[in-house]
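> My questions all concern the structure below.
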Amino acid sequence: MRKDAAVADDRPQGIRHRSEKPRSNSSLPDEDLMRALYREHAGPLLAYVLRLVAGDRQRAEDVVQETLIRAWKNAGQLNRAAGSVRPWLVTVARRIVIDGHRSRQARPQEVDPSPLEVIPAEDEIDKALWLMTLSDALDDLTPAHREVLVETYFKGRTVSEAAETLGIPSGTVRSRVFYALRSMKLALEERGVTA
1 MRKDAAVADD
11 RPQGIRHRSE
21 KPRSNSSLPD
31 EDLMRALYRE
41 HAGPLLAYVL
51 RLVAGDRQRA
61 EDVVQETLIR
71 AWKNAGQLNR
81 AAGSVRPWLV
91 TVARRIVIDG
101 HRSRQARPQE
111 VDPSPLEVIP
121 AEDEIDKALW
131 LMTLSDALDD
141 LTPAHREVLV
151 ETYFKGRTVS
161 EAAETLGIPS
171 GTVRSRVFYA
181 LRSMKLALEE
191 RGVTA
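Numbering (full-length UniProt numbering), first residue to last: 1 to 195.
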């Protein structure tokens, strides 16, 4: 009996040395290896890794997957007979978790998004753009319409107060406000602002 044949008998079905040729059955030996590793070790390995990552299941599943891929890539180094497969997997998984922890510590800490929720939806840039658009639209109005809107809407005066300040009757203020708002609406629509 060849020396390689004795070693192959100690390995689970599908685990072979790199120098061995693949068997000629329907599924590839690499697939058999992955299935055997997953079936025998994924559950206990996941339970172990979950403790290492404080219960983060997604992260634990990623670590187990990476561990099994590394086992598949290093199948020639695994010796199932000596019972070294699971300890090897556990060591690799632990190292993957440690490496992940180190890489997260090397990155800048993420900012807590909760203070951002306190900021009002309307920000300074939108407000500045709105004021620029509004000022530009006001420039399109006649001076009489512009001054009546400034007095009533921007300075917050009543119709009577605006009439007194402008030196015109209250009825004229109301009429000018009506036509000024209509003109303002058209000027804003021309600039892409809709109600």
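For each residue, glycine too, the CB sits at the ideal point set by N, CA and C. Computed from a predicted structure; not experimentally measured.
By the DSSP assignment, the alpha helix (DSSP H) with LYS73 in it spans what residues?
Numbered from 1 along the sequence shown, position 73 holds the residue referred to as residue 73. It spans 57-73 - the alpha helix (DSSP H) in which LYS73 sits, taken as one unbroken run.
> For VAL97 and LEU52, which I take to be in contact (beta-carbon distance under 8 Å), what is that distance rounded to the nearest angstrom?
Looking up residue 97 in the sequence shown gives position 97. Looking up residue 52 in the sequence shown gives position 52. Right, the Cβ-Cβ distance comes to about 5 Å (below 8 Å), so this counts as a contact.
> Would you say the stretch 87-107 touches the stretch 135-152, given that touching needs at least three Cβ pairs under 8 Å?
No: fewer than three Cβ pairs fall under 8 Å.
> Going by Cα to Cα distance, which pick from LEU68, ILE69, GLN77 and ALA187 is closest to ASP140?
By 1-based counting over the sequence shown, the position of residue 140 is 140. Comparing Cα positions, the closest option is ALA187.
> Report yes if the C-beta distance between ARG174 and VAL193 is below 8 Å; otherwise report no.
By 1-based counting over the sequence shown, the position of residue 174 is 174. By 1-based counting over the sequence shown, the position of residue 193 is 193. Cβ distance not < 8 Å, so ARG174 and VAL193 don't count as in contact.
> Is LEU141 helix, strand or coil by DSSP?
Your numbering for residue 141 matches position 141 in the sequence shown. In this structure, LEU141 counts as coil in the three-state DSSP scheme.
> Taking the beta carbon of ARG191 as the centre, do at least 16 other beta carbons fall within 10 Å, making it buried, or is it exposed?
Here the question's residue 191 lines up with position 191 in the sequence shown. When all chains shown are included, ARG191 counts as exposed.
> Can you tell which of LEU46, TRP72 and SER183 has the C-alpha that lies nearest to the C-alpha of VAL90?
Locating residue 90 in the sequence shown gives position 90, counting from the first residue. Closest option to VAL90, Cα to Cα, is LEU46.
> When the Cα of GLU66 is compared with those of ALA137, THR142 and LEU37, which residue comes out closest?
On the sequence shown, position 66 is the one that residue 66 refers to. For GLU66, the nearest C-alpha among the options comes from LEU37.
> Mind checking ARG182: buried by the 16 CB within 10 Å criterion, or exposed?
Here residue 182 corresponds to residue number 182 of the sequence shown, with the count starting at 1. So ARG182 ends up on the exposed side.
> The alpha helix (DSSP H) with VAL97 in it runs from where to where?
Mapped onto the sequence shown, residue 97 falls at position 97. Unbroken alpha helix (DSSP H) run through VAL97: 85-106.
> Let's see if you can read the secondary structure: which residues bound the alpha helix (DSSP H) around GLY179?
Stepping through the sequence shown from its first residue, residue 179 is reached at position 179. Per the sequence presented here, residue 179 reads as Tyr, with Gly not at that position. Here the alpha helix (DSSP H) through TYR179 covers 170-190.
> Can you look up ASP123 in the DSSP assignment and give me helix, strand or coil?
By 1-based counting over the sequence shown, the position of residue 123 is 123. ASP123: coil per DSSP, three-state reduction.
> Flag this pair as yes or no: are the beta carbons of VAL49 and ALA42 separated by less than 8 Å?
As a working note, residue 49 is residue 49 in the sequence shown. As a working note, residue 42 is residue 42 in the sequence shown. No, the Cβ-Cβ distance between VAL49 and ALA42 is not below 8 Å.
> Does the beta-carbon distance from VAL92 to ARG107 come in below 8 Å?
Along the sequence shown, one-based indexing puts residue 92 at 92. Along the sequence shown, one-based indexing puts residue 107 at 107. No; because the gap between Cβ atoms is not below 8 Å, this pair is not in contact.
> Buried or exposed, going by whether 16 or more other CB atoms sit within 10 Å of the CB of ARG39?
In the sequence shown, counting from the first residue as 1, residue 39 sits at position 39. Answer is exposed; the Cβ neighbour count stays below 16.
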